[in-house]
Amino acid sequence: MTEVRAAGVAAVIVLAAGASTRMKSGTSKLLHPVGGRSMLSWALDAAVSLQPDRLVVVVGQMRDQVEAHLDDIAPSAVRAFQASPLGTGHAVQCGLEALGEVSGEIVVTYGDVPLLSSRALGDLLASHRDEGNAVTVLTAVVEDPTGYGRVIRQGDQVQAIVEHRDASDEQLGLREINGGIYVFEAEILRAGLAQLRTDNDQGQLYLTDLVAYARGLGRRVGAFIEADVWQTQGVNDRVQLAAVNRELNRRIVREWMVRGVTVIDPATTWIERDVALAADVELWPGTILRGATTVGEGAVIGPDSRLTDVEVGPRAQVVRSEAVLALIGPGAQVGPFSYLRPGTELGQAGKIGAFVETKQARIGAGSKVPHLTYCGDAVIGESSNIGAGVIFANYDGASKSLSTVGSHSFVGSDTVLVAPVSVGDDAFVAAGSVITDDVPSGALAVARGRQAEIPGWVAQRRRRQAGASGPDRDGAAPSTGSNL
Ligand code: UD1
Ligand code: CA
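Numbering (the numbering used here), first residue to last: 151 to 634.
Below, the structure written as structure tokens:
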């Protein structure tokens with residue numbers, strides 16, 4: 151992306167007060183994610199790239215949610231409040247009031263146009279400056295202009311913007327639409343907003359009427375046509391939300407391929423914005439990489455795996471698994487069907503295998519937990535082997551405790567380690583043990599009922615059964631029970 155070419159603007163006003171009725175959601179539209187980030191955070195990132203002296207966000211509907219989110223992502227942004235959505239012109243008025251005295255360039259953007267880039271905003275601003283405009287509108291030429299305001303041109307200038315519902319049949323045929331993003335000279339904006347009227351089909355104060363206002367004063371109004379129409383795509387409902395997400399993902403996946411990542415099936419591979427991948431990573435179909443996930447060189451992920459905030463080391467392999475806030479070491483193997491919960495750290499060349507669940511578990515280099523295990527609140531040293539079906543029983547019904555297994559140790563299949571308990575280095579736990587006491591280094595622990603054999607028992611039983619006279623009187627089958 152090209153950088154903004156000149157010094158910053160006086161202010162950016164981000165409109166985020168409208169009612170998001172068509173989303174039919176208990177969550178503000180602006181908080182719905184696109185590529186793993188809220189729509190509002192995309193809008194603010196683009197706004198900030200213009201280096202505004204001040205950034206104002208106009209909030210209104212679902213204000214509490216939006217402001218709480220702003221506390222997280224943009225605590226220094228000025229908030230303006232629009233009590234009821236009386237139109238885009240009114241919203242900008244509210245934003246201007248919050249700014250107080252201001253002169254220079256004011257950029258207006260929307261909170262619900264997530265693909266708008268800093269590149270497009272920079273280009274808009276550059277053309278505003280180059281042409282010496284009082285107002286410059288970001289426009290796009292689209293296949294289907296339904297619902298958008300139409301750009302009425304006069305030569306290279308914009309004469310007016312007419313809303314779809316207010317447009318004549320002839321105007322409806324125009325395919326250049328108003329993207330809703332503008333640069334204004336502060337004085338024109340202030341004066342123009344003051345004289346807005348509600349004589350339109352919606353009875354609202356339209357920001358778009360400022361175009362005709364500026365022209366009436368003999369000032370220049372230009373348009374910057376953005377060729378990438380996705381950048382002006384607003385999100386009003388969940389169909390558009392999905393479309394924008396799909397398009398963003400297509401772009402992100404493509405970018406990673408260009409940078410040397412193999413993606414077997416781009417259509418079923420989802421990579422969020424903040425993910426980082428090294429060269430020669432291989433992603434199989436159905437892979438979803440979320441949050442701050444990073445994947446090292448030559449690692450292979452998928453098919454059908456979802457990693458959220460996971461660090462995967464070089465050459466590691468993850469097959470059909472779910473992992474959250476976990477660390478997978480270089481050359482380690484995970485899956486198929488593993489569930490790595492927060493606090494899992496798998497060392498170099500370690501293994502977490504099929505039907506294994508881990509949580510707060512540090513598994514050292516070369517150690518293996520290959521089959522059917524629950525491993526919670528555990529520290530395992532290096533090159534140890536945890537047998538099939540071992541359970542780290544970390545919860546006594548009230549609190550959780552830690553268990554440790556040293557290095558080069560072997561925990562036999564179907565063992566229960568009842569936390570807190572520790573198994574030393576070079577130790578051995580016999581299969582089927584229930585370990586409640588610490589096992590010293592180098593020891594063998596056996597904690598189960600001893601096996602007994604009764605020679606000839608089966609034949610004795612058969613003789614007993616044959617001696618009984620057929621079925622019991624009540625018709626039940628002969629008892630096979632024994633008193634063992
Ligand atoms: C607006 C433009 C239209 C343009 C389109 C581009 C006007 C009159 N029309 O129409 O020309 O083609 O955007 O997407 O400006 N908002 C507020 N307070 C309000 C009203 C809206 O904050 O009182 C915010 C909304 O949250 C939204 C943005 O302004 O982020 C646009 O509002 P919306 O109602 O979607 O405008 P459109 O009818 O789409
Ligand atoms: Ca809209």
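Even glycine gets a Cβ: it sits at the ideal position worked out from N, Cα and C.
Label residue i either buried or exposed according to how many other C-beta atoms from any shown protein chain fall within 10 Å of its C-beta, with 16 as the threshold for buried.
{"i": "THR152", "result": "Because THR152 sits at a pLDDT of 45, beneath the cut-off of 50, its placement in the model cannot be relied upon, and the following sentence gives the value as read from the coordinates. Classification for THR152: exposed."}
{"i": "TYR545", "result": "exposed"}
{"i": "GLY625", "result": "Because GLY625 carries a pLDDT of 49, less than 50, the predicted location of this residue cannot be relied on, and the following value inherits that uncertainty. Classification for GLY625: exposed."}
{"i": "PRO202", "result": "buried"}
{"i": "THR412", "result": "exposed"}
{"i": "GLU405", "result": "exposed"}
{"i": "GLY239", "result": "buried"}
{"i": "LEU567", "result": "buried"}
{"i": "ARG623", "result": "Because the pLDDT of ARG623 is 49, which lies under 50, any placement of that residue in the model is unreliable, and the number read from its coordinates should be weighed accordingly. With fewer than 16 other Cβ atoms within 10 Å, it is exposed."}
{"i": "THR296", "result": "exposed"}
{"i": "GLN381", "result": "buried"}
{"i": "LYS174", "result": "exposed"}
{"i": "GLN610", "result": "exposed"}
{"i": "PRO492", "result": "exposed"}
Just to check my reading of the structure: residue i and residue j have Cβ atoms closer than 8 Å, yes? What is that Cβ distance to the nearest angstrom?
{"i": "PHE374", "j": "THR289", "result": "7 Å"}
{"i": "THR554", "j": "VAL519", "result": "About 14 Å; that fails the 8 Å criterion."}
{"i": "HIS521", "j": "ALA538", "result": "4 Å"}
{"i": "VAL301", "j": "LEU322", "result": "Contact flag wrong, Cβ pair sits at about 13 Å."}
{"i": "VAL385", "j": "VAL379", "result": "At roughly 14 Å, the Cβ-Cβ gap does not stay under 8 Å, so VAL385 and VAL379 are not in contact."}
{"i": "VAL162", "j": "VAL257", "result": "5 Å"}
{"i": "ALA224", "j": "LEU249", "result": "Incorrect: roughly 16 Å between the Cβ atoms, too far for contact."}
{"i": "TYR363", "j": "GLY342", "result": "4 Å"}
Hey, how far is the Cα of residue i from the Cα of residue j?
{"i": "ILE331", "j": "GLY452", "result": "40 Å"}
{"i": "ALA627", "j": "VAL608", "result": "Per-residue confidence for ALA627 stands at a pLDDT of 49, beneath the threshold of 50, marking its modelled position as unreliable; no derived number is given."}
{"i": "SER632", "j": "VAL596", "result": "A caution first: SER632 carries a pLDDT of 47, below 50, which makes its placement in the model unreliable, though a value can still be read off. Rounded to the nearest angstrom, the two C-alpha atoms are 27 Å apart."}
{"i": "GLN211", "j": "ASP351", "result": "22 Å"}
{"i": "THR286", "j": "LEU266", "result": "16 Å"}
{"i": "ARG315", "j": "VAL425", "result": "42 Å"}
{"i": "GLY168", "j": "ASP349", "result": "20 Å"}
{"i": "VAL431", "j": "THR437", "result": "12 Å"}
{"i": "ASP415", "j": "VAL403", "result": "10 Å"}
{"i": "ALA271", "j": "LEU200", "result": "Here residue 271 is Leu; the residue named in the question, Ala, does not match the sequence. Approximately 7 Å between the Cα atoms of the pair."}
{"i": "LEU634", "j": "ILE604", "result": "In this prediction, LEU634 has a pLDDT of 48, which is less than 50 and means its spatial position is unreliable; what the coordinates show is noted afterwards. Those two C-alpha atoms are separated by around 10 Å."}
{"i": "VAL164", "j": "LEU490", "result": "40 Å"}
{"i": "GLY617", "j": "GLY606", "result": "17 Å"}
{"i": "ARG440", "j": "GLY186", "result": "7 Å"}
{"i": "VAL468", "j": "GLY481", "result": "10 Å"}
{"i": "LEU274", "j": "TYR524", "result": "56 Å"}
{"i": "SER559", "j": "LEU552", "result": "17 Å"}
{"i": "VAL154", "j": "THR177", "result": "At VAL154 the pLDDT is 47, less than 50, meaning the model places this residue with poor confidence; the figure from the coordinates comes in the next sentence. Straight-line Cα distance between these residues: approximately 33 Å."}
{"i": "GLN304", "j": "TYR356", "result": "21 Å"}
{"i": "SER557", "j": "ASP527", "result": "17 Å"}
{"i": "LEU367", "j": "GLN383", "result": "31 Å"}
{"i": "MET407", "j": "HIS278", "result": "36 Å"}
{"i": "ARG456", "j": "ASP280", "result": "47 Å"}
Can you determine whether any heavy atom of ligand 1 sits closer than 7 Å to the C-beta of residue i, and answer yes or no?
{"i": "THR177", "result": "no"}
{"i": "VAL371", "result": "no"}
{"i": "HIS240", "result": "yes"}
{"i": "GLU217", "result": "no"}
{"i": "LEU357", "result": "yes"}
{"i": "VAL206", "result": "no"}
{"i": "GLU313", "result": "yes"}
{"i": "TYR332", "result": "no"}
{"i": "ASN399", "result": "no"}
{"i": "GLY323", "result": "no"}
{"i": "GLY384", "result": "yes"}
{"i": "ILE402", "result": "no"}
{"i": "GLY410", "result": "no"}
{"i": "PRO235", "result": "yes"}
{"i": "ALA166", "result": "yes"}
{"i": "GLY327", "result": "With the sequence shown as reference, residue 327 is identified as Ile, and Gly is not the correct amino acid for it. Checking every heavy atom of ligand 1 against the Cβ of ILE327, one is found closer than 7 Å."}
{"i": "TYR260", "result": "yes"}
{"i": "TYR298", "result": "yes"}
{"i": "GLY353", "result": "no"}
List the DSSP bridge partners of residue i.
{"i": "TRP420", "result": "ILE438"}
{"i": "ARG300", "result": "VAL312 and ILE327"}
{"i": "ILE530", "result": "ILE513 and VAL555"}
{"i": "ILE338", "result": "None, per the DSSP bridge assignment."}
{"i": "PHE487", "result": "PHE487 is not bridged to any residue."}
{"i": "SER572", "result": "THR554"}
{"i": "LYS501", "result": "GLN483 and LYS518"}
{"i": "ASN535", "result": "LYS518 and PHE560"}
{"i": "ALA161", "result": "ARG204 and ILE256"}
How about residue i: is its Cβ closer than 7 Å to a heavy atom in ligand 4?
{"i": "GLN232", "result": "Inclusion of ligand 4 in the displayed structure is not the case, the ligand content consisting of ligand 1 and ligand 2 alone."}
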